[in-house]
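One structure is given below, encoded as structure tokens.
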Amino acid sequence: MAHLLHRSGLSDSWQLRDGAFWCMAVPPRHTPREQGWKLHLSATPASAPRVLEQAAEVLLGHGCAFKFAITPQVAAQLNGVRADRARSGKFLTAYPGDDEGLRELAERLHRATAGLAGPAILSDRRYRPHSLVHYRYGCFDRPYELNDDGFYEGRLRAPDGTLVPDLRNPWFSPPPWAPLPFPPPGAGASPARSGRGAPVRLAGRYLVREAVRHANRGGVYRAYDERTGEDVLLKEARPHVGADVQGHDARDWLRHEADVLRRLAPQGVTPGLRDVFASAGHLFLVQDLVPGTSLHRWTVDAVQCGDGRIAVDAAWSLARELTGVVGRVHAAGFVLRDLKPGNVVMTPDRTPVLVDMECAADADGTAHVAGTQGFTAPEYLDGPERDAVAAPPAPRPEVDCHSLGATLLHAVSGISPVLAPDTPGSGRTAGQRLAALVRAAAPAHPALRSLAPLLLGLTADPGERWPLGRAAAFLRDTPVAATARPGPPLGDAGIDRLIDDGLAHLAETMAPDAEYLWPRPRTLPPGDPCNVQVGTAGVLAVLDRAVRCGRQGARPALRTAARWLEYRISLPERVLPGLYFGRSGTAWALYGAARTLDDDELADRALRFALRIPLRWENPDICHGLSGAGTAQLHLWHATGDGRFAERALECADGVRRSTGVQAPALYGYGHGLAGNAAFLLAAGRALDRPDLVGTATDAGRTLCAAARWRGGGTADWPKGPGTTERTGLNFWCNGAAGVGSFLVRLWRATGDARFREHAEGAAAAVYRDRWRAGPGTCHGVAGNAELLLDLAAATGEQPYRRQASEAAVCLFVRAALRDGRLLVPDDTLRGICASYNVGLAGVLDFLLRLRCGGGRSWYADPLALRRPENTHDKPTVKET
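Note that UniProt numbering gives residue 237 to position 237 of the sequence shown, counting from 1, and the numbers run on in steps of one.
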């Protein structure tokens, strides 16, 4: 780009601003519009340099600001088969000064880039059929308006002055009051989606019944073949999506998959191929519709029955069948490369069938590296040929042995084999880390313990990995019987290692001059940098706890974070009431840090800020609404004795009591539903002498007990809400057993009603049983679930609950990545490290600090303080590798 500016004589007047993903080119005296019609140009990795050169020449001459993907890798990500459909394909964005300029630029850009390759941009409308130029109405300048959920959202100003969301849908959806700058085109829509809502018939015979899923590469549809009278499955590939530098795109991969099915279907291991046809440039593959469910769903369904564990005989039968299927694939001359539970369908007679075969490669041919982290052999997926321009030789069939072992690990236990990568050269191999995971989890899973030699052999490092023949020989033996038993706890040394390394990482990765003090999770949209969920407040509270637990090395980081947060909340910003997504947790954390730092002025500012939290809000829940705000006000009343906070807590309680969140709840969980709302009412009613609030909370407890579903082994779980059938058996804090149990144990303590203790203990049994199947985090994983075990230890005085929490800590220890000598627990994705409280490292450290040092549960008005434990495990009982 710099050479184009130099060639045009504009180097001294234009500015280039590089970011993580975009380079912004800004003309002199540029004043961006707030909103309007803008232009997007698509490109492929092969066409991107030419598109940029041709488009930039037009835009520089016109004096129009624009941005473009900063590297070829970013351009490829924007166009990848798994890219966000609403944002995919937008290689270059132009920001015209007015609509007249937009119309002129659109024509000139169309002519300049005519004939170059690029995909359709789903959120936009094409300027002309087959043009790279697209247009969309939206925000020009980056929006900074928080929506009610605590995330930044683009806002458009309607003609009447009201603000409405800038919707980024994967279809053209301008606001109704924005006149179109061009007449609608006559072509360009996806053939399977044209005439939204109308029946679609393809190739004159396939009547689309429903979409199975949508992806950037194209949809997958169930259809009716009017010639044969049978249901079939259609897979779509969009032009130029997932393109490589040679120009191959998703259509080529779909043609390849058709060839694979043609050759493998006679072996009985894949669906049969019916047809391949093109429509409006899109390619469609028609295959047999295999009855059954994915292997991933088969595992979920199996663990929700009986005692929550896969039977040993069923696990061995699956292992034999799947090993045989892989053997037949290899005998036919293919390497799968991407065997995983989502690519296996279990038929009603429990026969595995392989689907989504686009990654299968001829064993004697060439293929670009492809696969899925955790399931594809790491020495292949992350090897030196990963980014090769020319396709390297296909890998040897032994890579599928690793995939078979990883797939069976997940299938027979529900455990994900995904491990966040260590720093290169850290001294641990992938095989060693998976072996540590299998050995630590085996006691809790009889099927896993019975098959452990097979899984350890298949997932061993190259050179030690079992070949398929050895796996088949092992499976000819009689299954070894096994029963579930407790696993080892994590000793003090292991807990201290995770805490000390995590705190050091938090201190080292602060960026006081940045928009976020710690980098935000990339899997979530930009959120409030001051809140508990993804912002500074949650991490600040953990640093505060660490200092109060005697870890004085965290004090400098605590002071820096408190000062950063104090400044950030002084900026003009919409203030939301929720405890986690709003600013109630911010005020709570800042006041606690001020007290630890003996800073009276900071404490006073935190209290003044807390008194600004809005209390008129429709949402009653803990995370976003009044129950969260009231919990913080109640805590600050306990901490200060200031009656204003008691009055405000009661105002929240009355609002929650009148809400549908209590009277007719849609959800049962703690973070977003009845359990959290009732927990606040219980605490407020007891503290502020309001028996009516305690009565309402007690009625909620009875409702939750009536909704419980008892499983084998004395475990209890809850549906997501009344009458809901999706995502059953959740065991999380926000939705599920962990959060419901956290309320019921407090209700038992308040009322003495044994039913509430019984159900809380049933919830605890469920989260303990499923500890290896959960991710690490606080909202959806082990750390938040194990807090219930510590609550029960505090409420009952029974030490087995503390031991179970220590066993849960082992799940965190064996998943920790070794980064520059530090053991760091990954975030909810299992692939990276982030600081955020509810989805990352901070919440994990909060649980570990409570386990190690005692104390109460964070963010609860009734924290159930745990006694400081005796040093019963001076040495780690899980071997560090």
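Glycine included, C-beta positions come from ideal geometry on N, C-alpha and C.
7 angstroms Cβ shell around residue i - same chain, five flanking residues per side excluded
i	result
Asp-874	Because the pLDDT at Asp-874 is just 42, under 50, the model does not fix this residue reliably, and the point stays unresolved.
Gly-195	Since pLDDT at Gly-195 reaches only 48, below the 50 mark, its modelled position is unreliable, and the value read off the structure follows with that caveat. No residues qualify anywhere along the chain.
Ala-646	Trp-637, Leu-688
Thr-751	Thr-698
Rounded distance between the beta-carbons of residue j and residue i, thought under 8 angstroms
i	j	result
Cys-623	Leu-579	7 angstroms
Val-81	Asn-216	6 angstroms
Val-369	Val-355	About 21 angstroms; that fails the 8 angstroms criterion.
Val-745	Asp-791	5 angstroms
Leu-234	Leu-254	Their Cβ separation, rounded to whole angstroms, is 11 angstroms, which puts Leu-234 and Leu-254 out of contact at 8 angstroms.
Leu-318	Ala-471	Going by Cβ atoms, the distance from Leu-318 to Ala-471 rounds to 13 angstroms, so no, they are not a contact pair.
For residue j and residue i, the rounded distance between their alpha carbons
i	j	result
Leu-650	Ala-606	20 angstroms
residue 884	Arg-522	In this structure the chain extends from 1 to 881, so residue 884 is not present and cannot be described.
Arg-868	Pro-526	38 angstroms
Gly-762	Ile-310	20 angstroms
Ile-569	Asp-362	59 angstroms
Gly-784	Ile-70	39 angstroms
Glu-236	Gly-229	21 angstroms
Thr-113	Val-133	8 angstroms
His-40	Val-844	42 angstroms
Val-740	Asp-252	50 angstroms
Gly-19	Arg-850	40 angstroms
Asn-343	Arg-337	11 angstroms
Arg-755	Asp-846	30 angstroms
Ser-416	Thr-829	11 angstroms
Ala-805	Tyr-768	8 angstroms
Arg-555	Leu-540	11 angstroms
Asp-692	Gly-685	7 angstroms
Pro-486	Ala-117	59 angstroms
Trp-859	Arg-595	16 angstroms
Asp-827	Ala-436	19 angstroms
Gln-246	Thr-509	39 angstroms
Asp-862	Gly-855	12 angstroms
Gly-188	Gln-287	Any reading at Gly-188 is ruled out, since the residue's pLDDT is 48, under 50, leaving its predicted position unreliable.
Val-694	Leu-824	42 angstroms
Pro-239	Val-220	15 angstroms
Trp-14	Lys-67	13 angstroms
Within 8 angstroms, strictly: CB atoms of residue i and residue j
i	j	result
Ala-83	Leu-122	no
Pro-397	Val-335	yes
Leu-558	Val-547	yes
Pro-446	Ala-482	yes
Arg-819	Thr-423	yes
Val-617	Leu-626	Inspection of the sequence shows that residue 617 is occupied by Trp rather than by Val. Going by C-beta atoms, Trp-617 is nearer than 8 angstroms to Leu-626.
residue 882	Gln-533	Any property of residue 882 remains undetermined from this structure, which presents the chain solely from 1 to 881.
Gly-36	Phe-140	yes
Ala-683	Leu-704	no
Gln-164	Pro-181	Correcting the residue type first, residue 164 is Val in the shown sequence and not Gln. No, the Cβ-Cβ distance between Val-164 and Pro-181 is not below 8 angstroms.
His-635	Trp-588	yes
Val-312	Ser-413	no
Thr-407	Leu-434	no
Trp-733	Gly-671	yes
Thr-698	Leu-730	no
Ala-265	Pro-271	yes
Gly-365	Leu-381	no
Leu-506	Ala-835	yes
Nonlocal neighbours in the same chain, by C-beta distance under 6 angstroms from residue i, ignoring five residues either side
i	result
Leu-167	Ser-173
Val-325	Val-269, Pro-352
Val-480	Ser-450
Gly-673	Pro-665, Leu-667
Arg-802	Ala-793
Leu-283	Ala-237, Arg-251, Leu-254
Sequence-distant residues of its chain with Cβ nearer than 8 angstroms to residue i (five each side left out)
i	result
Glu-57	Leu-4, Ser-8, Ala-112
Ser-584	Pro-577, Gly-578, Ala-610, Ile-613, Gly-628, Ala-629, Thr-631, Ala-632, Gln-633
Ala-158	Val-164, Pro-175, Trp-177
Tyr-135	Trp-37, Lys-38, Leu-39, His-40, Leu-102, Ala-106, Asp-124, Arg-125, Tyr-127, Pro-181, Phe-182
Gly-714	Glu-761, Gly-762, Ala-765
What runs of the alpha helix (DSSP H), each 4 residues or longer, lie entirely inside the stretch 437-464? 446-458
Counting only runs that start and end within the stretch 90-138, where is the beta strand (DSSP E) found for 3 or more residues in a row? 92-95
Which parts of the stretch 318-406 are runs of the alpha helix (DSSP H), unbroken and 4 residues or longer, counting only runs that do not cross its ends? 378-381
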